[in-house]
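**Q** This is the structure I want to talk about, given as structure tokens.
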Amino acid sequence: MADVTPLFPEEQPKDGRAPDALPSGAPPEELAPIDLEGPRKACLACGANLSGSTKYRRLRVCPTCGYHYAISARRRIAAIADEASFKETSKWIQSLDPLEFSPRISYRVRILQDQTRTGLSEAAVTGTCLIGGTPVVIIVLDSSFLGGSMGVVVGEKVTLALELAARKKLPCVAMVTSGGARIQEGVLSLMQMAKTTLATRTLRDKGQAFIVVLSNPSTGQVLGSFASMADVIFSEPGAHIGFAPLSDLREVDGKRIDAEHTAEAYLERGHVDVIIKREDLKHDLASVLDLISPEFRLTSSRRARSENPVIRPREAWEMVKLARRPDRPRSRFYIDNVFANFFEFHGDRVYSDDPSVIIGLARLGGQSVMIVAQQKSSPPAEQNGSSVLRQGEITPGGFRKARRGVILAETFKLPVITIVDSPGPRLGIDMEQRGLASAIARMIDQMGRVKIPTLSVLIGEGGSEAALAFGLADRVLMLENAIYTPIAPERGAQTEMSDPGKASEIARALKLTSVDCIEMEIVDDIVPEPEQGAHASPDEAARLLKRSLMRELSGLTDMSTKTLLRRRQKKFRKVGEYGSRFRLALKRETKAWQVGLAAGVRAFRNAGDNAGSPQFVDDEEEILDD
Numbered sequence: 047m048a049d050v051t052p053l054f055p056e057e058q059p060k061d062g063r064a065p066d067a068l069p070s071g072a073p074p075e076e077l078a079p080i081d082l083e084g085p086r087k088a089c090l091a092c093g094a095n096l097s098g099s100t101k102y103r104r105l106r107v108c109p110t111c112g113y114h115y116a117i118s119a120r121r122r123i124a125a126i127a128d129e130a131s132f133k134e135t136s137k138w139i140q141s142l143d144p145l146e147f148s149p150r151i152s153y154r155v156r157i158l159q160d161q162t163r164t165g166l167s168e169a170a171v172t173g174t175c176l177i178g179g180t181p182v183v184i185i186v187l188d189s190s191f192l193g194g195s196m197g198v199v200v201g202e203k204v205t206l207a208l209e210l211a212a213r214k215k216l217p218c219v220a221m222v223t224s225g226g227a228r229i230q231e232g233v234l235s236l237m238q239m240a241k242t243t244l245a246t247r248t249l250r251d252k253g254q255a256f257i258v259v260l261s262n263p264s265t266g267q268v269l270g271s272f273a274s275m276a277d278v279i280f281s282e283p284g285a286h287i288g289f290a291p292l293s294d295l296r297e298v299d300g301k302r303i304d305a306e307h308t309a310e311a312y313l314e315r316g317h318v319d320v321i322i323k324r325e326d327l328k329h330d331l332a333s334v335l336d337l338i339s340p341e342f343r344l345t346s347s348r349r350a351r352s353e354n355p356v357i358r359p360r361e362a363w364e365m366v367k368l369a370r371r372p373d374r375p376r377s378r379f380y381i382d383n384v385f386a387n388f389f390e391f392h393g394d395r396v397y398s399d400d401p402s403v404i405i406g407l408a409r410l411g412g413q414s415v416m417i418v419a420q421q422k423s424s425p426p427a428e429q430n431g432s433s434v435l436r437q438g439e440i441t442p443g444g445f446r447k448a449r450r451g452v453i454l455a456e457t458f459k460l461p462v463i464t465i466v467d468s469p470g471p472r473l474g475i476d477m478e479q480r481g482l483a484s485a486i487a488r489m490i491d492q493m494g495r496v497k498i499p500t501l502s503v504l505i506g507e508g509g510s511e512a513a514l515a516f517g518l519a520d521r522v523l524m525l526e527n528a529i530y531t532p533i534a535p536e537r538g539a540q541t542e543m544s545d546p547g548k549a550s551e552i553a554r555a556l557k558l559t560s561v562d563c564i565e566m567e568i569v570d571d572i573v574p575e576p577e578q579g580a581h582a583s584p585d586e587a588a589r590l591l592k593r594s595l596m597r598e599l600s601g602l603t604d605m606s607t608k609t610l611l612r613r614r615q616k617k618f619r620k621v622g623e624y625g626s627r628f629r630l631a632l633k634r635e636t637k638a639w640q641v642g643l644a645a646g647v648r649a650f651r652n653a654g655d656n657a658g659s660p661q662f663v664d665d666e667e668e669i670l671d672d
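Structure below.
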């Protein structure tokens, strides 16, 4: 791979710059906002005032009507690539004048003018980068350079990039905005259609994905070659898309067909997979790249390597408050946004249908799974007085319903994914009469002996027996800001200190955070959350969780039943066993006991000396030594 190339070189052309070129010498930290020089004061589409619009400055998108303005290739890369990850390739390949084409203006002069104006060497920028942590080869066409037309050099750079992706076994992402062939290079330009199309076949033969994003305009030979060969085709809203120019079609058909050359029309006719707004493009690209990554294919017998996420240190009580936030994503949100084709079952087949438990079939990365989830409700104002659902406490019927889901999964030979988010079981005399204790025990037993892969994730509040009964799995994950506790800190403070206001102290003493649980080997891995928490960016939280679930499930699906049961038994057998951790704890307690005993002996001896009584212990060091 080439050395890291700045997206925006410090030396910028001083005259004739493109409208979105940065001022000379702009510091790197100012690149993130994608601030454009000389922005428009009013939207061309709706007339809205664009002054002061952050969205317009960052992405050149009207905040009122959503009109997408053209941006340069480097700005597109900056908008989707992870920070400081772009490495440019084939940078110095430049067009010549193979036909000596000069009817009006010399082709050489045209190239030099656009190089000076745009700061690019050609209409294509290629390289490697990371998108959401996934390495890719990237191709970006820039319509400001000779209309983004595909000449020999553009075709060569596109082909080299596709060949690099095939050789390195990386997916390729192409962002297209082009006006077609480059007339100044004649039939040589035409032949680039064949070259680039065949290169996409090479990439496909290597089993690597090719994703294309169509922008305004996407026409002509580029659309008729490699751009239409993609596995997945995205488009920006309102983009002009079509092979033949509208003027040519109007002359042939004799009618206006402007609406037929839009992204929306191409979507309706099945030529485009999805239309994505520019501000959502990075997230959606990262999501698709996660899905198609070989790292997460469930046929692999090798579990993918853990990412060792950076976990932000927080106080225990702060974690409790984050885990309980009413706007924190619930299980239903993750079911809708992580899994596909969810089909829900109801009832425990004995007494009731507890709405605090959700069971059903779904698909994760092409693998059918059984979901068994604990569901808290939305804020109370939206719940019509359903206290059970609002609190998320599990009834005996809920535990039986969950157990039924596990039994069904074993019948269908499907992996089970449990989602934990509950303060605990619902308490009360009526719950006791319905067999609460028995229901919990049978759920724990079922999870321990089931002959299929099991995977559990704690997304919020992991309360006591409810968390354990659902969380006894082959692999146990925990979101960064989730908690796992045998008792609510407020209740613990009341019990231990007769003061519920001491809940923060009890929370710290309980060691209920994700980091604590990893250290105690209660959970196997931590799923990172967005910087401010899952509530701040639910879609990103769902993507990160999906990535972790697919990674973990890929490592379980090929294990034999015997291996699964043996490892599961060993995993939970060693929790709390007399090992090095507990030997150290016992040593600390023994030392503290010895010090206390020595102090008592010393006080007793001093009291004996004062009273003239005989001394029963001559040397306290003997006690400490013993």
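In my numbering, the protein residues as written are 47 to 672. All residues carry an ideal CB built from backbone N, CA and C; glycine is no exception. These figures come from a predicted structure and were not determined experimentally.
1. On the three-state DSSP scale, how would you describe residue 530?
2. Residues in the same chain with beta-carbon distance under 6 Å from residue 500, minus the five sequence neighbours each way, listed in chain order, please.
3. Keeping to the same chain, check which residues put their C-beta closer than 7 Å to that of residue 246; ignore five residues upstream and five downstream.
4. What is the rounded straight-line gap between the Cα of residue 472 and the Cα of residue 439?
5. Counting beta carbon pairs with one atom in the stretch 492-507 and one in the stretch 537-545, are three or more of them shorter than 8 Å?
6. Please state whether DSSP places residue 560 in a helix, a strand or coil.
7. Alpha helix (DSSP H) containing residue 126: first to last residue?
8. Taking DSSP as the reference, what is the three-state secondary structure of residue 390?
9. Measure how close the beta-carbons of residue 280 and residue 265 come, nearest whole angstrom, since I'm counting them as under 8 Å.
10. Give me the Cα-Cα distance between residue 226 and residue 583, rounded to the nearest whole angstrom.
11. Output the distance between the C-alpha atoms of residue 197 and residue 210, rounded to the nearest integer angstrom.
12. Reducing DSSP to helix, strand and coil, say where residue 489 ends up.
13. Would you mind reading off the limits of the alpha helix (DSSP H) that contains residue 442?
14. List the endpoints of the continuous beta strand (DSSP E) containing residue 94.
15. Mind checking who residue 227 pairs with in its DSSP beta bridge?
16. Might you give, ordered along the chain, the residues of its own chain that have their beta carbon closer than 7 Å to the beta carbon of residue 86, omitting 5 neighbours on each side?
17. Could you tell me the boundaries of the alpha helix (DSSP H) in which residue 584 lies?
18. Decide yes or no for the touch test of the stretch 593-600 against the stretch 558-569: beta carbon pairs closer than 8 Å, at least 3 of them.
19. Of the choices 102, 123, 121 and 238, whose alpha-carbon is the least far from that of residue 114?
20. Are the CB atoms of residue 387 and residue 419 within a distance shorter than 8 Å?
21. If we require 3 or more residues per run, which beta strand (DSSP E) segments fall completely within the stretch 231-275?
22. Quick check on residue 124: buried or exposed, where buried means 16 or more other Cβ atoms within 10 Å of its Cβ?
23. For the beta strand (DSSP E) that residue 505 lies in, which residues bound it at each end?
24. Report all residues from its chain with a CB closer than 7 Å to the CB of residue 454; omit the five preceding and five following residues, and keep chain order.
25. Quick one: give me the first and last residue of the beta strand (DSSP E) that residue 308 is part of.
26. Mapping DSSP to helix, strand and coil, what is residue 413?
27. In its own chain, which residues sit with a C-beta less than 6 Å from the C-beta of residue 260, not counting the 5 before and 5 after it?
28. Residues in the same chain with beta-carbon distance under 6 Å from residue 432, minus the five sequence neighbours each way, listed in chain order, please.
29. For residue 175, which residues does DSSP report across the bridge?
30. Report the option in 618, 109, 396 and 195 whose CA atom is closest to the CA atom of residue 232.
31. Would you mind sorting residue 263 into buried or exposed? The rule is 16 or more other CB atoms within 10 Å of its CB.
32. Beta-carbon within less than 6 Å of residue 321's beta-carbon, same chain only, minus the 5 sequence neighbours each way: which residues are those?
33. Expressed to the nearest angstrom, what Euclidean distance is found between the alpha-carbon atoms of residue 329 and residue 128?
34. Quick check on DSSP: helix, strand or coil for residue 279?
35. Report all residues from its chain with a CB closer than 6 Å to the CB of residue 180; omit the five preceding and five following residues, and keep chain order.
**A** A quick look at the data gives this:
1. Strand at residue 530.
2. So the list reads 462, 519 and 520, once near-sequence residues are dropped.
3. So the qualifying residues of the chain are 208, 256, 272 and 275.
4. Between residue 472 and residue 439, the C-alpha separation is close to 5 Å.
5. Short answer: they don't touch.
6. Residue 560 falls in the helix class under three-state DSSP.
7. Unbroken alpha helix (DSSP H) run through residue 126: 119-126.
8. Strand, per DSSP.
9. About 17 Å separates the beta carbon of residue 280 from that of residue 265, a gap too long to meet the 8 Å contact definition.
10. Looking at the two C-alpha atoms, the distance is approximately 39 Å.
11. So the alpha carbons of these two residues sit roughly 20 Å apart.
12. Residue 489 falls in the helix class under three-state DSSP.
13. Segment 442-458, the alpha helix (DSSP H) holding residue 442.
14. Neither: residue 94 is in no beta strand (DSSP E) and is coded neither H nor E.
15. Answer is 196.
16. Same-chain partners within the cutoff: 96.
17. Counted as a single uninterrupted DSSP element, the alpha helix (DSSP H) harbouring residue 584 occupies residues 584-600.
18. Here the stretch 593-600 does not lie against the stretch 558-569, with fewer than 3 beta-carbon pairs under 8 Å apart.
19. Measuring from the Cα of residue 114, the nearest candidate turns out to be 102.
20. Not a contact, by the Cβ cut-off of 8 Å.
21. For the stretch 231-275, whole beta strand (DSSP E) runs of length 3 or above, ordered along the chain, are 256-265.
22. Under a 10 Å Cβ-count criterion, residue 124 is classified as buried, with 16 or more other Cβ atoms of the shown protein chains found around its own Cβ.
23. Boundaries of the beta strand (DSSP E) harbouring residue 505: 500-509, taken from the DSSP string.
24. Counting only Cβ-Cβ distances below 7 Å, and skipping sequence neighbours, we find 416.
25. Counting along the chain, residue 308 sits inside no beta strand (DSSP E), nor does DSSP assign it H or E at all.
26. Strand, per DSSP.
27. Cβ within range, chain order: 222, 281, 285 and 287.
28. At residue 432, the pLDDT of 39 sits below 50, so the modelled position is not reliable; the number obtained from the coordinates is stated separately. No residues qualify anywhere along the chain.
29. Residue 175 has 182 as its beta-bridge partners, per DSSP.
30. With respect to the C-alpha of residue 232, the residue from 618, 109, 396 and 195 having the closest C-alpha is 195.
31. Its Cβ being crowded by 16 or more others within 10 Å, residue 263 is buried.
32. Only residues of its own chain outside the window of five on either side were considered, and among them 281, 283, 309 and 313 have a CB closer than 6 Å to the CB of residue 321, listed in chain order.
33. Roughly 11 Å between the two C-alpha positions.
34. Residue 279: strand per DSSP, three-state reduction.
35. Apart from the 5 residues on each side of it in sequence, residue 180 sits with its Cβ closer than 6 Å to the Cβ of 335 in its chain, given in chain order.
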